[in-house]
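What follows is a set of notes on a single structure, which appears directly below.
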Amino acid sequence: MAEMAELRIDGKTYELPIIEGSEGERAIDISKLRNQSGVITLDPGYANTGSCMSSITFIDGDKGILRYRGIPIEEVADHSTFLEVAYLLVYGSLPTADNLANITESITLHTMLHEDFKRFFGALPKDAHPMAACSAAVGALSTFYPDCLDPRDPRQVEIAVHRLIAKLPTMAAYAYKHSIGQPMMYPRNELDYVGNFLYMLFGTPCDEYEVDPVIRNALDLLLILHADHEQNCSASTVRLVGSSMVNLFSAISSGIQALWGPSHGGANQEVIEMLASIRDQGISAREFVERAKAGDDTARLMGFGHRVYKNFDPRMKIIKGACREVLDKLGARTRLLEIAVELEEIALSDEYFVSRKLYPNVDFYSGVIYNAIGIPSNMFTAMFAIGRLPGWIAQWMELHGDSNFKIGRPRQIYTGPTETHYTPIKDR
Ligand code: ACO
Numbered sequence: 014m015a016e017m018a019e020l021r022i023d024g025k026t027y028e029l030p031i032i033e034g035s036e037g038e039r040a041i042d043i044s045k046l047r048n049q050s051g052v053i054t055l056d057p058g059y060a061n062t063g064s065c066m067s068s069i070t071f072i073d074g075d076k077g078i079l080r081y082r083g084i085p086i087e088e089v090a091d092h093s094t095f096l097e098v099a100y101l102l103v104y105g106s107l108p109t110a111d112n113l114a115n116i117t118e119s120i121t122l123h124t125m126l127h128e129d130f131k132r133f134f135g136a137l138p139k140d141a142h143p144m145a146a147c148s149a150a151v152g153a154l155s156t157f158y159p160d161c162l163d164p165r166d167p168r169q170v171e172i173a174v175h176r177l178i179a180k181l182p183t184m185a186a187y188a189y190k191h192s193i194g195q196p197m198m199y200p201r202n203e204l205d206y207v208g209n210f211l212y213m214l215f216g217t218p219c220d221e222y223e224v225d226p227v228i229r230n231a232l233d234l235l236l237i238l239h240a241d242h243e244q245n246c247s248a249s250t251v252r253l254v255g256s257s258m259v260n261l262f263s264a265i266s267s268g269i270q271a272l273w274g275p276s277h278g279g280a281n282q283e284v285i286e287m288l289a290s291i292r293d294q295g296i297s298a299r300e301f302v303e304r305a306k307a308g309d310d311t312a313r314l315m316g317f318g319h320r321v322y323k324n325f326d327p328r329m330k331i332i333k334g335a336c337r338e339v340l341d342k343l344g345a346r347t348r349l350l351e352i353a354v355e356l357e358e359i360a361l362s363d364e365y366f367v368s369r370k371l372y373p374n375v376d377f378y379s380g381v382i383y384n385a386i387g388i389p390s391n392m393f394t395a396m397f398a399i400g401r402l403p404g405w406i407a408q409w410m411e412l413h414g415d416s417n418f419k420i421g422r423p424r425q426i427y428t429g430p431t432e433t434h435y436t437p438i439k440d441r
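The sequence shown begins at 14 in my numbering and counts up by one.
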């Protein structure tokens, strides 16, 4: 017999089942509440609302724990590669050597874009933001591949998944090349996933491009650390849009748009721009922290704070270590890193940030690495999207495999005028 919670409304008691997850998290199941009582729950920002049961990613925000399919992020970061993590998230367990070889081959063979995509990207303004370009291009995949749009056909879904993981880096690279007026580079099958992306981003037809293993490994790590983060804004967007039974490409295209926002993935671009503006204006880190405390939302300390982590973001700890290592190896210790470290030290001992449990998040240091390896700031969020893609796919697949599948459709409490009558225009 499930444990029950009791709710009293207007003198009547309603019993609501308590659901428990595998890590002991508890929820009150209110799915029948409105039918029984006529009352709904209200939770702006969904901070107390579970939208699904999920077995993909576990986060304990108070303890700073993050696990993919049960495996701590620290272990995944130490031992895995991005494609292996993609497999883990999408298929639910670590791949065997054969599984990994097969998915790697399939993804490698799908990296090329339809030739018409050159015209597609070429038609966008030069200064188009890569997130807008990538979202549009991913949405357009549904026009190029009408053979894999049925969310309930496992073979079609499989093909769509491989196409997406394979093609998003090519799209991001095309968007970048278009913005700087260089030829779009075709993928090269002898390179691995990340090496190929770097080649498409930085290679030109005029010169040989050799992938630097330090840069390749740093990027692989960043993609792994961004690969999933349970029901965040973009993952929830993918689920909500996907619940209309639209195809996977359309749902992911919406997820990319959601990620772009500065309160979400767009923060990585904002962080580097904040660090650069502190450097360029010659103001001190302390001065900037004071501005961020003043309650002016335009001067938030970007890369600080998180809806779930009220303790260190474990991804940030890994990235900070990698950041020093990569910059040392590249001989590129920058003023931006120094400013980031200063800001972090000041904020972590400042009452304002301590009392609100605001810690640096995943994006506080990621931009410093991207910057050091030559990736322009407007591409940072596109890097995040490439990393997050397997997570979005896993969330979308879990939604469609759920026996309780329903279209997402929240309720509201209406606060507008009560019934009023139409006034003809001459009387207004
Ligand atoms: N700088 C200064 N003050 C902050 C910051 C910040 N970065 N973040 C939160 N606060 C303050 C708020 O002003 C608020 O103060 P108050 O209680 O005096 O009104 C309090 O801390 C709580 O903040 P909320 O915005 O209510 O917290 P919420 O959980 O809704 O927001 C969010 C989390 C959006 C991440 C927020 O911390 C933020 O805007 N951070 C900066 C942007 C950022 O780095 N986003 C990336 C998040 S990670 C990711 O998506 C990959």
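C-beta atoms are modelled at their ideal positions from N, C-alpha and C, and glycine is treated no differently.
Here's a check: name, in chain order, each residue in its chain whose Cβ is nearer than 6 Å to the Cβ of H413, leaving out the five neighbours to either side. Reading the sequence shown from its first residue, position 400 is the one you call residue 413. Cβ neighbours of H413 beyond the five flanking positions: P164.
To the nearest angstrom, how far is the alpha carbon of A150 from that of F133? Within the sequence shown, numbered from 1, the residue matching residue 150 stands at position 137. Within the sequence shown, numbered from 1, the residue matching residue 133 stands at position 120. Going from the Cα of A150 to the Cα of F133 covers about 8 Å.
Got a sec? Which residues, its chain only, sit under 7 Å from E286 by beta carbon, not counting five neighbours each side? Here residue 286 is taken as the residue at index 273 of the sequence shown, counted from 1. Only S390 meet the Cβ criterion.
Return the chain-ordered list of same chain residues with a C-beta closer than 8 Å to the C-beta of P196, the five sequence neighbours on each side being excluded. Position 183 of the sequence shown holds residue 196. Same-chain partners within the cutoff: K190, T217, P218.
Restricting to runs no shorter than 4 residues, where is the alpha helix (DSSP H) found entirely within the stretch 192-231? 206-215
If you draw a straight line from the C-alpha of H175 to the C-alpha of Q282, how long is it? Position 162 of the sequence shown holds residue 175. Position 269 of the sequence shown holds residue 282. Spanning the two alpha carbons is a distance of roughly 28 Å.
Name the DSSP bridge partner or partners of A18? Residue mapping note: residue 18 aligns to position 5 of the sequence shown, counting from 1. Looking at the DSSP assignment, A18 forms a beta bridge with L29.
Hey, S247 and W405: beta-carbon distance below 8 Å or not? To locate residue 247, count along the sequence shown from 1; it is residue 234. To locate residue 405, count along the sequence shown from 1; it is residue 392. Against a cut-off of 8 Å, the Cβ pair of W405 and S247 comes out as a contact.
List in chain order: all unbroken alpha helix (DSSP H) runs of 4+ residues lying wholly within the stretch 365-420. 376-385, 393-414
May I ask whether a heavy atom of the ligand ACO can be found less than 7 Å away from the beta carbon of S276? Counted from its first residue, the sequence shown places residue 276 at position 263. Flag set: Cβ of S276 near the ligand ACO.
Consult DSSP for P85 and reduce its assignment to one of helix, strand or coil. As a position in the sequence shown, residue 85 is number 72, starting the count at 1. Looking at P85 - three-state DSSP - the assignment turns out to be strand.
What alpha helix (DSSP H) runs, 4 residues minimum, are completely inside the stretch 84-117? 86-92, 95-104
According to the Cβ coordinates, are A407 and V170 closer than 8 Å? Translated into the one-based positions of the sequence shown, residue 407 becomes position 394. Translated into the one-based positions of the sequence shown, residue 170 becomes position 157. No.
Could you spell out where the beta strand (DSSP E) holding T156 opens and where it closes? As a working mapping, residue 156 is identified with position 143 in the sequence shown. No beta strand (DSSP E) holds T156; the alpha helix (DSSP H) holding it covers 143-157.
Taking 7 Å as the cut-off, is the C-beta of M329 nearer than that to any heavy atom in the ligand ACO? Taking the first residue of the sequence shown as 1, we reach residue 329 at position 316. No, Cβ of M329 sits at least 7 Å from all heavy atoms of the ligand ACO.
L79 versus K330 - alpha carbon distance: In the sequence shown, the residue the question calls residue 79 occupies position 66. In the sequence shown, the residue the question calls residue 330 occupies position 317. Answer to the nearest angstrom: the Cα atoms are 12 Å apart.
Going by C-alpha distance, which of M315, Y365, D140, G58 is nearest G194? Here residue 194 refers to the residue found at position 181 of the sequence shown. G194 has its Cα closest to that of D140, out of M315, Y365, D140, G58.
Proximity to N48 [Cα-Cα], best of G34, Y27, A40, A60: As a first step, residue 48 is located in the sequence shown; it is residue number 35 there, counting from the start. It is Y27.
For A298, verify whether its CB is less than 7 Å away from any heavy atom of the ligand ACO. For the purposes of this step, residue 298 is identified with residue 285 of the sequence shown, where counting begins at 1. Result no, Cβ not under 7 Å from the ligand ACO.
Indicate, with yes or no, if the ligand ACO has a heavy atom lying under 7 Å from the CB of R313. The residue labelled residue 313 in the question sits at position 300 within the sequence shown. Checking every heavy atom of the ligand ACO against the Cβ of R313, one is found closer than 7 Å.
Runs of alpha helix (DSSP H) wholly within the stretch 319-369 (minimum 4 residues, chain order): 327-343, 348-361, 364-368
For T70 versus D241, is the C-beta distance shorter than 8 Å? Reading the sequence shown from its first residue, position 57 is the one you call residue 70. Reading the sequence shown from its first residue, position 228 is the one you call residue 241. Result yes, Cβ atoms of T70 and D241 sit closer than 8 Å.
Secondary structure of I285, DSSP reduced to three states: Against the sequence shown, residue 285 aligns to sequence position 272. In this structure, I285 counts as helix in the three-state DSSP scheme.
Give a single yes or no on whether I324 has its beta carbon closer than 7 Å to a heavy atom of the ligand ACO. Residue mapping note: residue 324 aligns to position 311 of the sequence shown, counting from 1. The question names Ile, but residue 324 is Asn in the sequence shown. No, the ligand ACO has no heavy atom inside 7 Å of this Cβ.
Please classify E118 as buried or exposed, where buried requires at least 16 other C-beta atoms within 10 Å of its C-beta. Stepping through the sequence shown from its first residue, residue 118 is reached at position 105. E118 should be labelled exposed.
Can you tell me whether L294 is buried or exposed, with buried defined as 16 or more other CB within 10 angstroms of its CB? Your numbering for residue 294 matches position 281 in the sequence shown. A quick correction: the sequence has Gln, not Leu, at residue 294. It counts as exposed.
When burial is assigned at 16 or more other CB atoms within 10 Å of the CB, is F418 buried or exposed? Numbered from 1 along the sequence shown, position 405 holds the residue referred to as residue 418. Flag for F418 reads exposed.
R80 - DSSP class collapsed to helix/strand/coil: The residue you call residue 80 lines up with position 67 of the sequence shown. Three-state result, R80: strand.
Taking 7 Å as the cut-off, does the CB of F133 come closer than this to any heavy atom belonging to the ligand ACO? Start at 1 with the first residue of the sequence shown, and residue 133 comes out as number 120. It does not: the Cβ of F133 is nowhere closer than 7 Å to a heavy atom of the ligand ACO.
Does the stretch 352-366 come close enough to the stretch 300-320 that 3 or more CB-CB pairs lie under 8 Å? yes
Who are the Cβ neighbours of A179 in its own chain at under 6 Å, not counting the five residues just before and after it? Sequence index remark: in the sequence shown, residue 179 carries index 166 (1-based). Excluding residues within five positions, the ones whose Cβ falls inside 6 Å are I120, H123, T124.
Where A240 falls: helix, strand or coil (DSSP): The count along the sequence shown starts at 1 and reaches residue 240 at position 227. Here A240 sits in coil by DSSP.
Just verifying my parser: in three-state terms, what is the DSSP assignment at T442? Missing from the structure shown is residue 442; the chain here goes from 14 to 441 and no further.
Please report the distance separating the alpha-carbon of F397 from that of R82. Locating residue 397 in the sequence shown gives position 384, counting from the first residue. Locating residue 82 in the sequence shown gives position 69, counting from the first residue. F397 and R82: Cα-Cα distance of roughly 20 Å.
Give me the DSSP bridge partner(s) of I41. As a first step, residue 41 is located in the sequence shown; it is residue number 28 there, counting from the start. I31, per the DSSP bridge assignment.
Quick check: the stretch 261-271 against the stretch 145-162, are at least 3 beta-carbon pairs closer than 8 Å? yes
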